[in-house]
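Sequential numbering from 24 applies to the sequence shown in our numbering.
See structure below.
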Amino acid sequence: MLNFERSGLSQKLTIISVLSTGSALLLVFLAFALTTVLGHADDEQKQLASLADVVGASSVQALLLADHVQAEQNLAALAVKDEITRAALFDREGRVFASFPAASAQPPSLSPQGVAALARRPLSERAGAPWHPLTRLYRPVRVGPHAIGAVMVEAGQLGMWLGILKNLGITGAATALSFLLAQMLAARFKGSIAEPIGKLVAAAQQVSSSQTYSQVQHSRSDELGTLIDSFNHMLAQIENRDTRLAQYRDQLERQVSVRTEQLEKAKNAAEAASQAKSAFLATMSHEIRTPMNGVLGMTELLMATRLSEEQRHYTSMVKRSGEHLLVIINDILDFSKIEAGKLTVEYIHFNFRELLDDIDYVFSPQAQAKGLDLHFEIANDIPIAICGDPNRLRQVIVNLMGNAIKFTDKGRIQLKVYVTGEDAQTVRMRFEVHDTGLGVAREARSRIFDSFSQADGSTTRKHGGTGLGLAISRQLVELMGGQIGVDNALTQGSVFWFTVQFDKRRVDGDESGFSQKSKGLRALIADPHPDSRAVLERLLGRWHLHCDSAATAAEALCLLHAGASSGQPYDTALLDMDLPGISGLALAAEIKADATLSGVRLLLLSTERSAADTVQRREAGVAFQLIKPARDCDLYECLVTPARSGEGTRPMAALAPAGARLARSKRPLRVLLAEDNPVNVEVALAMLNSLGLESACAGNGEEALAAVGAAHFDLLLMDCQMPVMDGMAATKEIRRREKQSGHARHLPVIAITANALQGDRENCLAAGMDDYLSKPFSRQALADTLSRWIALPRAASMHHGDLMPQAGSTTPQPSLPMRSAPQGRMAKAAAATIATEAASPATVLNRHALEAIRALSSDGEALLQRVIHAYVDDTPAHLQTLREAIASLNTGSIRKAAHSLKSSSANVGADALARLCKEMELLGRADSTEGAEKLLSNMEREFQTVRHSLSAILEKET
Numbered sequence: 024m025l026n027f028e029r030s031g032l033s034q035k036l037t038i039i040s041v042l043s044t045g046s047a048l049l050l051v052f053l054a055f056a057l058t059t060v061l062g063h064a065d066d067e068q069k070q071l072a073s074l075a076d077v078v079g080a081s082s083v084q085a086l087l088l089a090d091h092v093q094a095e096q097n098l099a100a101l102a103v104k105d106e107i108t109r110a111a112l113f114d115r116e117g118r119v120f121a122s123f124p125a126a127s128a129q130p131p132s133l134s135p136q137g138v139a140a141l142a143r144r145p146l147s148e149r150a151g152a153p154w155h156p157l158t159r160l161y162r163p164v165r166v167g168p169h170a171i172g173a174v175m176v177e178a179g180q181l182g183m184w185l186g187i188l189k190n191l192g193i194t195g196a197a198t199a200l201s202f203l204l205a206q207m208l209a210a211r212f213k214g215s216i217a218e219p220i221g222k223l224v225a226a227a228q229q230v231s232s233s234q235t236y237s238q239v240q241h242s243r244s245d246e247l248g249t250l251i252d253s254f255n256h257m258l259a260q261i262e263n264r265d266t267r268l269a270q271y272r273d274q275l276e277r278q279v280s281v282r283t284e285q286l287e288k289a290k291n292a293a294e295a296a297s298q299a300k301s302a303f304l305a306t307m308s309h310e311i312r313t314p315m316n317g318v319l320g321m322t323e324l325l326m327a328t329r330l331s332e333e334q335r336h337y338t339s340m341v342k343r344s345g346e347h348l349l350v351i352i353n354d355i356l357d358f359s360k361i362e363a364g365k366l367t368v369e370y371i372h373f374n375f376r377e378l379l380d381d382i383d384y385v386f387s388p389q390a391q392a393k394g395l396d397l398h399f400e401i402a403n404d405i406p407i408a409i410c411g412d413p414n415r416l417r418q419v420i421v422n423l424m425g426n427a428i429k430f431t432d433k434g435r436i437q438l439k440v441y442v443t444g445e446d447a448q449t450v451r452m453r454f455e456v457h458d459t460g461l462g463v464a465r466e467a468r469s470r471i472f473d474s475f476s477q478a479d480g481s482t483t484r485k486h487g488g489t490g491l492g493l494a495i496s497r498q499l500v501e502l503m504g505g506q507i508g509v510d511n512a513l514t515q516g517s518v519f520w521f522t523v524q525f526d527k528r529r530v531d532g533d534e535s536g537f538s539q540k541s542k543g544l545r546a547l548i549a550d551p552h553p554d555s556r557a558v559l560e561r562l563l564g565r566w567h568l569h570c571d572s573a574a575t576a577a578e579a580l581c582l583l584h585a586g587a588s589s590g591q592p593y594d595t596a597l598l599d600m601d602l603p604g605i606s607g608l609a610l611a612a613e614i615k616a617d618a619t620l621s622g623v624r625l626l627l628l629s630t631e632r633s634a635a636d637t638v639q640r641r642e643a644g645v646a647f648q649l650i651k652p653a654r655d656c657d658l659y660e661c662l663v664t665p666a667r668s669g670e671g672t673r674p675m676a677a678l679a680p681a682g683a684r685l686a687r688s689k690r691p692l693r694v695l696l697a698e699d700n701p702v703n704v705e706v707a708l709a710m711l712n713s714l715g716l717e718s719a720c721a722g723n724g725e726e727a728l729a730a731v732g733a734a735h736f737d738l739l740l741m742d743c744q745m746p747v748m749d750g751m752a753a754t755k756e757i758r759r760r761e762k763q764s765g766h767a768r769h770l771p772v773i774a775i776t777a778n779a780l781q782g783d784r785e786n787c788l789a790a791g792m793d794d795y796l797s798k799p800f801s802r803q804a805l806a807d808t809l810s811r812w813i814a815l816p817r818a819a820s821m822h823h824g825d826l827m828p829q830a831g832s833t834t835p836q837p838s839l840p841m842r843s844a845p846q847g848r849m850a851k852a853a854a855a856t857i858a859t860e861a862a863s864p865a866t867v868l869n870r871h872a873l874e875a876i877r878a879l880s881s882d883g884e885a886l887l888q889r890v891i892h893a894y895v896d897d898t899p900a901h902l903q904t905l906r907e908a909i910a911s912l913n914t915g916s917i918r919k920a921a922h923s924l925k926s927s928s929a930n931v932g933a934d935a936l937a938r939l940c941k942e943m944e945l946l947g948r949a950d951s952t953e954g955a956e957k958l959l960s961n962m963e964r965e966f967q968t969v970r971h972s973l974s975a976i977l978e979k980e981t
């Protein structure tokens, strides 16, 4: 169909002409046709009426005398008109008196009343088929005012309609000729309007496409001529403006080019400076952390020896100061990553409840030391299994909690966690840290999250701090897609809050990874409701768990005892809170009180109204509480997560939970140490021995694989950088073998590395490692890490000074326990402790380092002799490796050998040799061998001096 709006001007003029002329002619033709039809019909009616009246007047005599013959003769006179098809004469009674033609069928009679009615109103009616129409007319026959009969005349209409059609045909032909003539005239004159407008359109398109400002020529003096003149004037103005704009653009481009070149230089300089700053901070952080390992490690070992009260006080001050310095170093390194845009968040599955428990475990002693009431108000419906970055979340919470404790002198600290929004895939939570401390002034809220900023500048001296913690927290929260802020508490103190959205863990029982973790586990369901039991049975069956059900507490206890006595104990029991006759909480306490059943993990299912609080759950030995209906992902996480040290133990057994577990064990716990440096091996083995663990050593990844395959180990400490096969490759192979063999047992692997480079932590986790330690670490940090994966036979030695620092002392923010993805930099030496570099240059050996080695063991002299012998025997091989690497220009081997020798030299107090090794390591990192031979000669001479001094010590000891 033609679109008028999209048609051209010429088409629009044609359409207007056709519609207007055609409409007018059609209206005239229709009016003429209607007038013609009505006129012919009226004339025909009048003619028939006249004929009927004439016949009626001539038939009065015949009707009065009842002369039928005369009446028929009168009707026969109608034969002169061809259109008359039939006629009839009726008497007073309405009977047919005479008819025409005589042989035709008589028309129907009329009633006397009908005859009388004709006197008042003659009757006319239509009859016949559509192709042969007829008109029938009834007229009265009068004698004075009385009707003595009636006349009927019937005539055909075909002739009349043929005449009408003839007239209409002639008129239609005239109308069509008029329409064609009008169109010819319109086509002749429309060009005078469309042509100049078409020229204007073409000129405008030419200006738009080719920037050609050609004038439109014309010789008109009407309105179109005025329009063309105005268009030409507009083109001249546009051309003038474009010329000026081109000049301005050229000038601006020259200025932009100059500015761009200047900005590029400034950008390159800024990037170079930023890279240099980041590299400097990373290098300095790594170099500072290396001697810090000696400071903290040896200090803790020193505190394990017999000291006077004054010596213990001084030593604890050194330890706390070192830990505080380590926190500052970590903040600076994180801030440098943020500025360089290299700080990222990871996406892994983690147990949210265990993360909160770890934080509670860390901060409870600190709050207790300051006399503060620490309370965790955790909503019962918070999820357990979520996906996100647990380390960054922990870092934010720790920063806010640490600030709350630091700036609060009395009162309470409260951590609130609750769900603010939830759908099928995600859950959004809000974290609030309430304190009763100094509070935050309204004007300080806008800058408190800025770098190097604190609410009150005077607190820098009173409370310490770099002013980076909240800036880092804000960056981390925003990286996780959340928001952070601060409000003043209603009465006293402040409320720091942040919101973060996490994904729920997807649980698919058909995936091999899920069935591998849950396959073979036995679960008991204690629920009085059959429908609830059926739902849980189907769910656990989909996860390949063997499960039994009980409707009462008595049935549940019978099944638990039967499983324990048959040698197939249940791994988990799901207890409904509303059991008949006894609560699920009381049943849990009864189970934990039974020595034969205390190893069962207990999950409590309750409604929000009947939920138990944290103290009640801990008293009863409940591992987790889930609000009904429990999320599938949370239930699965509670079932398959490895039990943590002390999980589900009742407070009466908390004094020696590890000892109780050890008593139930038939064999001592064994730890495999994979480390290639013999000096570090001696120190690490001494630490493990001091924790009451049996240990074995492997020199590289291949030996570690062979040892794991040949014997049973409860945990593996894996150095990341080793010859033959490094720790990451060995861990991947261990995980591959576990998956291939289908064993449900998962050997915990803890990474140890000295690197602090971006991506090292992610590489360790990707290789399948579970946890790691970062230099510097203490024996207590080693014990804390190991206790998350195995139950230590006895706790690491701790003195009252560690647990209860003086109120006036600065409370450091310790390193946090971590499960699957620890935070911080990983350390290469598993348990090696490198002595401080603060010894006098004139002294050959650092005696403090040697004393620290003695303190590692009750037989310190024997340990020191083994370390010295290992160092003296191992160092010549490293020096020979360096000489061969320098000869072959192998900078990678230079770096590795120098790094290893630097660590072992610092361990035995050979500080001068350690500094030379450091210089050699820097040459290897710079991919250069310039001056390496001279440096190696100095190292060899220094080693001879160190060896003589160590030999003298050995002779003196013996």
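For each residue, glycine too, the CB sits at the ideal point set by N, CA and C.
Asked                                                                                                            : Found
DSSP state of His20 mapped onto helix, strand, coil                                                              : Because the chain in this structure spans residues 24 to 981, residue 20 falls outside the shown range and cannot be described.
Segment contact flag, the stretch 613 to 633 with the stretch 377 to 393, C-beta cutoff 8 Å, min 3 pairs         : no
Per-residue DSSP class, three states only, for Leu973                                                            : helix
Stretch-stretch touch, CB-based, cutoff 8 Å, three pairs: the stretch 962 to 974 with the stretch 936 to 943     : yes
Per DSSP, the bridge partner or partners of Cys720                                                               : Leu696
Supposed contact pair Ile187 and Val60 - C-beta distance, whole angstroms, cut 8 Å                               : 6 Å
Buried/exposed call for Ala855, threshold 16 Cβ in 10 Å                                                          : Low per-residue confidence applies at Ala855: pLDDT is 33, beneath 50, and the placement is therefore not dependable, though the value from the model is reported in the following sentence. Label assigned to Ala855: buried.
Minimum length 4: unbroken alpha helix (DSSP H) runs contained in the stretch 117 to 180                         : 135 to 143
Sub-7 Å separation of Leu598 and Leu610 beta-carbons                                                             : yes
Boundaries (first-last residue) of the beta strand (DSSP E) holding Lys527                                       : Ser517 to Lys527
Contact between the stretch 696 to 704 and the stretch 865 to 875 (3+ Cβ pairs under 8 Å)                        : no
Own chain residues within Cβ distance below 7 Å of Ser923, not counting five before or after                     : Asn700 and His901
Given 8 Å, three or more beta-carbon pairs between the stretch 411 to 428 and the stretch 518 to 528             : yes
DSSP state of Glu455 mapped onto helix, strand, coil                                                             : strand
Through-space distance from Leu141 to Ser132, alpha-carbon basis                                                 : 14 Å
Three-state secondary structure assigned by DSSP to Lys189                                                       : helix
Which of helix, strand or coil DSSP assigns to Cys787                                                            : helix
Residue closest to Ala402, alpha-carbon to alpha-carbon, out of Ala121, Gly137 and Gln648                        : Gln648
Beta bridge counterpart(s) of Ile650 as assigned by DSSP                                                         : Ser629
Within 7 Å, strictly: CB atoms of Ile107 and Ala178                                                              : yes
Local conformation of Ala478 per DSSP, three classes                                                             : Because the pLDDT at Ala478 is just 48, under 50, the model does not fix this residue reliably, and the value given afterwards should be weighed accordingly. Three-state result, Ala478: coil.
Within 7 Å, strictly: CB atoms of Leu86 and Ile171                                                               : yes
Per-residue DSSP class, three states only, for Ser33                                                             : helix
Selection from Leu200, Ala110 and Val772 that minimises the alpha carbon distance to Arg159                      : Ala110
Length of the line joining the Cα atoms of Ile775 and Ala752                                                     : 14 Å
Coil, strand or helix - Phe254 by DSSP                                                                           : helix
Run of the beta strand (DSSP E) containing Ile107, from where it starts to where it stops                        : Ile107 to Phe113
Expected contact under 8 Å - CB spacing of Gly345 and Val318 to nearest Å                                        : 5 Å
Nearest residue (CA-CA) to Asp882, options Asp794, Ala709, Ala89 and Thr194                                      : Ala709
Every unbroken beta strand (DSSP E) within the stretch 716 to 763, with a cutoff of 3 residues, ordered by chain : 717 to 721 and 738 to 742
Straight-line gap, Val51 to His169 (C-alpha atoms, nearest Å)                                                    : 48 Å
Opening and closing residue of the beta strand (DSSP E) in which Pro911 lies                                     : Rather than Pro, the amino acid found at residue 911 in this sequence is Ser. First-last for Ser911: undefined, no H or E at that position.
Beta-carbon gap between Ala209 and Ser30 smaller than 7 Å                                                        : no
Closest Cα partner of Ala94 within the set Lys104, Gly79 and Val103                                              : Gly79
Contact set for Ala205: own chain, Cβ-Cβ below 6 Å, skip 5 residues either direction                             : Thr44
Nearest candidate by alpha-carbon position, reference Asn723, set Phe966, Glu978, Leu696 and Gly504              : Leu696
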